[in-house]
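In what follows, a single structure is set out as structure tokens and then discussed.
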Amino acid sequence: MKSPKFIKLLLASVVCFCVFQSCEDEATAILVEEPIKDIAGTWKVIQIHRNGEDLSKRMKFENFQMVFKADGTYTLSDDLPFLVDGPGKYALNDPQYPFSLILSPTDQEEHLPVKFQFPIVEGQRQLSLNLSLGCTSNTYQYVFQRVIAE
Amino acid sequence: MRGLSKTLVYLYLGFGLFFVVFLMYCGLKSLTVTVPKNAQINEVVTFTMHCGAEPRIQSGTYTTQLLAGMMVPKSWNARQSMVLTFTSPKGNGTMRIIPDTETEPVSGLNWHQAAKKMFGIGPNLVDDMEWIVFRSVQAYTFSNNEDIDFTVKATCNVGAENMLVSLGFYVGSSIENLRQEDTDYKKFTFSDVFEVMGADGDLIDFVNPQLGTVQPVKSLDNDIITLTFDAGVTNTVLDAESNIYIKVNAYDTEGELISSLNQPNEKTKLTDVGGLRYMIDLWPRGFFDVAKNKQIARLEYYFTDQTGTKVVGYGNTDEPFKFTFRCD
Numbered sequence: 006m007k008s009p010k011f012i013k014l015l016l017a018s019v020v021c022f023c024v025f026q027s028c029e030d031e032a033t034a035i036l037v038e039e040p041i042k043d044i045a046g047t048w049k050v051i052q053i054h055r056n057g058e059d060l061s062k063r064m065k066f067e068n069f070q071m072v073f074k075a076d077g078t079y080t081l082s083d084d085l086p087f088l089v090d091g092p093g094k095y096a097l098n099d100p101q102y103p104f105s106l107i108l109s110p111t112d113q114e115e116h117l118p119v120k121f122q123f124p125i126v127e128g129q130r131q132l133s134l135n136l137s138l139g140c141t142s143n144t145y146q147y148v149f150q151r152v153i154a155e
Numbered sequence: 127m128r129g130l131s132k133t134l135v136y137l138y139l140g141f142g143l144f145f146v147v148f149l150m151y152c153g154l155k156s157l158t159v160t161v162p163k164n165a166q167i168n169e170v171v172t173f174t175m176h177c178g179a180e181p182r183i184q185s186g187t188y189t190t191q192l193l194a195g196m197m198v199p200k201s202w203n204a205r206q207s208m209v210l211t212f213t214s215p216k217g218n219g220t221m222r223i224i225p226d227t228e229t230e231p232v233s234g235l236n237w238h239q240a241a242k243k244m245f246g247i248g249p250n251l252v253d254d255m256e257w258i259v260f261r262s263v264q265a266y267t268f269s270n271n272e273d274i275d276f277t278v279k280a281t282c283n284v285g286a287e288n289m290l291v292s293l294g295f296y297v298g299s300s301i302e303n304l305r306q307e308d309t310d311y312k313k314f315t316f317s318d319v320f321e322v323m324g325a326d327g328d329l330i331d332f333v334n335p336q337l338g339t340v341q342p343v344k345s346l347d348n349d350i351i352t353l354t355f356d357a358g359v360t361n362t363v364l365d366a367e368s369n370i371y372i373k374v375n376a377y378d379t380e381g382e383l384i385s386s387l388n389q390p391n392e393k394t395k396l397t398d399v400g401g402l403r404y405m406i407d408l409w410p411r412g413f414f415d416v417a418k419n420k421q422i423a424r425l426e427y428y429f430t431d432q433t434g435t436k437v438v439g440y441g442n443t444d445e446p447f448k449f450t451f452r453c454d
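If you read the protein sequences in the order shown, they are chains W and X. According to the working numbering, the first sequence is numbered sequentially starting from 6. According to the working numbering, the second sequence is numbered sequentially starting from 127.
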């Protein structure tokens with residue numbers, strides 16, 4: 006004859022199992038979909054690295070801003086070194102998992118892909134673009150911060 | 127009783143530490159290199175690394191692959207032409223370049239970037255260098271006191287530019303990675319000055335301090351370039367000046383003057399970065415306000431004072447410093 010203590014323990018185990026099982030079902034039932042990356046807004050440059058060297062403290066580029074509009078067009082607000090020097094259209098190569106930003110300047114037929122990252126730093130989205138301006142051996146990283154949302 | 131068991135635990139831990147630190151030691155001997163003093167442009171030159179292994183293993187064996195690498199100017203395009211072979215009592219072989227996709231675990235960078243981060247550019251003053259790291263195809267197993275000497279030969283085309291450069295060399299063990307604190311499993315050294323000669327163009331001097339430099343060495347007019355005046359190199363007429371300016375002319379591919387900035391002002395002023403060095407970072411296309419259809423091919427420049435009367439040129443002469451925009 007098993008003791009009542011043993012039966013209580015067995016019952017508790019069964020209840021726990023059922024609870025955990027139901028939790029698991031609940032958890033798996035929630036589908037987490039990666040959100041579409043929205044870069045619309047006005048972005049200002051906060052850092053420029055050239056071949057890994059931080060030029061931010063030596064160069065003045067606080068006026069350099071890029072405006073990405075919700076209609077898929079962009080403009081540049083100041084004359085600073087960049088891959089393009091005029092307005093055009095933009096698109097991400099993948100709306101959910103982008104790794105490049107494709108710029109299509111109005112005055113060019115080319116589509117120019119730029120390596121793209123969209124990290125959250127100190128609670129704020131940053132837009133990080135890796136590109137070459139002149140010689141391909143020279144690589145630049147531009148880090149932007151959003152100042153105005155679209 | 128409790129004190130005794132505590133002592134035993136400490137003894138056990140101490141023994142473990144001793145085993146790891148001392149008994150598994152399988153270090154490398156110091157690295158020396160044989161580098162010719164000079165070579166002609168586009169010559170394929172052999173550089174030799176002399177090293178050895180000193181396995182001190184009390185139990186078991188030590189199995190690893192040989193790593194070796196070189197630091198050379200980027201302009202050599204050494205990834206295309208460099209071949210590394212090694213000879214040793216345990217076997218000879220040709221080494222393979224480690225793919226860029228493979229990460230060095232300590233730094234999180236690829237092996238070539240990790241080597242540059244770890245070893246730097248040595249006595250060179252201009253950073254236009256790349257480290258290239260190779261690995262033996264086979265792994266080799268060492269037992270205790272199986273000391274050997276081995277030789278790694280690197281052959282490489284030395285490019286088409288006149289230059290003075292100090293080359294970097296590295297030998298290591300694949301299972302040890304590039305740990306900052308490790309001095310046993312990674313050996314590196316830099317050569318004396320190696321000269322490449324025979325080209326028509328200017329001499330690129332990586333090792334001797336220069337009054338004026340431009341970085342990156344390979345740039346186009348849409349790059350951001352940094353012009354540096356190093357007042358500590360020699361005495362000049364600007365020794366007493368704390369405000370240094372640039373006088374600069376920009377020319378197109380036809381040799382026509384596009385723009386001339388000769389006035390000392392805020393735009394042409396260099397920043398004092400300490401150590402008697404002054405810098406100006408500029409984007410040539412914007413700095414000279416170049417039209418879209420124009421391209422700057424070269425610059426000629428001097429360093430000057432606030433009055434514009436005291437002028438320092440190339441080699442502290444009246445000749446201007448010259449910089450040609452190019453990528454190759």
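Where a beta carbon is used, it is the ideal one built from N, C-alpha and C, also for glycine. Nothing here was measured: the structure is a model prediction, and the numbers come from that model.
*Mind checking whether W:F104 and W:K94 have CB atoms under 8 Å apart?*
With a cutoff of 8 Å on beta-carbon distance, W:F104 and W:K94 are scored as not near each other.
*Ordered along the chain, which non-local residues of its own chain (more than five positions away) have a Cβ less than 7 Å from that of W:N56?*
For W:N56, where only same-chain residues beyond five positions count, the Cβ hits under 7 Å are N143 and T144.
*From the DSSP output, which residues share a beta bridge with W:D99?*
The partner list for W:D99 (beta bridge, DSSP) is empty, contrary to what the question assumes.
*Throw me the rounded Cβ distance for the X:V332 and X:T315 pair, which I believe falls under 8 Å.*
A quick correction: the sequence has Phe, not Val, at residue 332 of chain X. Not really, about 17 Å apart at Cβ, beyond 8 Å.
*X:L383 versus X:V416 - alpha carbon distance*: Take the alpha-carbon of X:L383 and the one of X:V416: they are about 11 Å apart.
*So, is the C-beta of X:P446 closer than 8 Å to a C-beta in chain W?*
X:P446 does not count as touching chain W.
*Of the choices X:T281, X:S201 and X:N270, whose alpha-carbon is the least far from that of X:D254?*
If you compare the alpha carbons of X:T281, X:S201 and X:N270 with that of X:D254, the shortest gap goes to X:S201.
*Since X:T190 and X:Y266 are thought to touch, with beta carbons under 8 Å apart, how far apart are those beta carbons, to the nearest angstrom?*
Rounded, the Cβ-Cβ distance is 7 Å, consistent with contact.
*So is X:T397 in contact with chain W if we call contact Cβ pairs under 8 Å?*
Chain W contact via Cβ: present.
_Rounding to the nearest angstrom, what Cα-Cα distance links X:G153 and X:G195 in this structure?_
Rounded to the nearest whole angstrom, the C-alpha separation of X:G153 and X:G195 is 18 Å.
*Applying the criterion that 16 or more other CB atoms from any shown protein chain within 10 Å of the CB defines a buried residue, is W:I153 buried or exposed?*
In this structure W:I153 is exposed. Its beta-carbon is surrounded by fewer than 16 other beta-carbon atoms within 10 angstroms.
*Should X:L346 be flagged as near chain W, meaning a C-beta pair shorter than 8 Å?*
Judged by the 8 Å Cβ criterion, X:L346 is in contact with chain W.
*Does the Cβ of X:K460 have 16 or more other Cβ atoms within 10 Å, making it buried, or fewer, making it exposed?*
The structure shown does not extend to residue 460 of chain X, since chain X is modelled only from 127 through 454, so no value can be given for it.
*asked:* In whole angstroms, give me the CA-to-CA distance for W:P124 and W:D76.
replied: Straight-line Cα distance between these residues: approximately 23 Å.
_8 Å Cβ cutoff met for W:Q131 and W:K42_ = It is not a contact, given that the beta carbons lie outside the stated cut-off.
*In chain W, which residues lie less than 7 Å from X:D226 when you measure between Cβ atoms?*
Within chain W, no residue has its CB atom less than 7 Å from the CB of X:D226, the nearest being about 14 Å off.
*If we count the other Cβ atoms within 10 Å of its Cβ and call it buried at 16 or more, is X:T394 buried or exposed?*
It is buried - the Cβ of X:T394 has at least 16 other Cβ atoms within 10 Å.
*Per DSSP, what kind of secondary structure is X:P390 in: helix, strand or coil?*
Correct three-state label for X:P390: coil.
*Extent of the continuous alpha helix (DSSP H) run through X:P410*: P410 to F413 is the span of the alpha helix (DSSP H), which, as asked, contains X:P410.
_Contact criterion: CB-CB distance below 8 Å. Does W:R63 meet it with respect to chain X?_
The beta carbon of W:R63 sits closer than 8 Å to some beta carbon of chain X.
*For X:D349 and chain W, any beta-carbon pair shorter than 8 Å?*
At least one chain W Cβ lies under 8 Å of X:D349.
*Can you name the residues of chain X whose CB is closer than 7 Å to the CB of W:L55?*
According to the sequence displayed, residue 55 of chain W carries Arg and not Leu. Residues of chain X passing the Cβ test: I350.
_With three or more beta-carbon pairs closer than 8 Å as the criterion, would you say the stretch 327–344 of chain X touches the stretch 217–226 of chain X?_
Pairwise C-beta distances place the stretch 327–344 of chain X out of contact with the stretch 217–226 of chain X, as fewer than three of them are shorter than 8 Å.
_Min CB distance W:S142 to chain X below 8 Å_ = It does; some Cβ of chain X falls within 8 Å.
*Could you name the residues that DSSP lists as bridge partners for X:F320?*
In the DSSP output, where bridge partners are listed per residue, X:F320 has X:V291.
*Does DSSP put X:Q432 in a helix, a strand or coil?*
DSSP, read as helix, strand or coil, puts X:Q432 in coil.
_Residues in the same chain with beta-carbon distance under 8 Å from X:N164, minus the five sequence neighbours each way, listed in chain order, please._
Non-local beta-carbon contacts of X:N164 in its own chain, meaning distances under 8 Å to residues more than five positions away in sequence, involve F320, E321, V322 and M323 in chain order.
*Based on Cα-Cα distance, which residue from X:V340, X:Y404 and X:D347 lies nearest to X:D356?*
When only C-alpha atoms are compared, the closest one is X:Y404.
_Distance CB(X:L353)-CB(X:I372) smaller than 8 Å_ = Yes.
*So is W:Q113 buried or exposed if we call it buried at 16+ other beta carbons inside 10 Å?*
By the neighbour-count definition (other C-beta atoms within 10 Å, threshold 16), W:Q113 is an exposed residue.
*asked:* So W:G139 contacts chain X; which residues on that side make the cut at Cβ distance below 8 Å?
replied: Neighbours of W:G139 across chain X, judged by C-beta separation under 8 Å: S345, L346, D347, N348, D349, F451 and C453.
*Between X:T450 and X:R411, which are expected to be in contact by the criterion C-beta below 8 Å, what is the C-beta distance as a whole number of angstroms?*
With 8 Å as the limit, X:T450 and X:R411 do not qualify as a contact, their Cβ atoms being about 16 Å apart.
_Nearest-angstrom Cα separation, counted from X:G178 out to X:S299_ = One C-alpha to the other measures close to 11 Å.
_Cβ-based contacts, 8 Å cut-off: residues of the stretch 82–104 of chain W near chain X_ = Listed by position, the residues of the stretch 82–104 of chain W near chain X (Cβ gap below 8 Å) are D84, L85, P86 and D90.
*What whole-angstrom Cβ distance do X:P215 and X:N270 have, given they're in contact under 8 Å?*
Not confirmed; about 16 Å, so no contact.
*Tell me, please, whether the CB atom of X:M197 is closer than 8 Å to any CB atom in chain W?*
No - not a single Cβ of chain W is within 8 Å of the one on X:M197.
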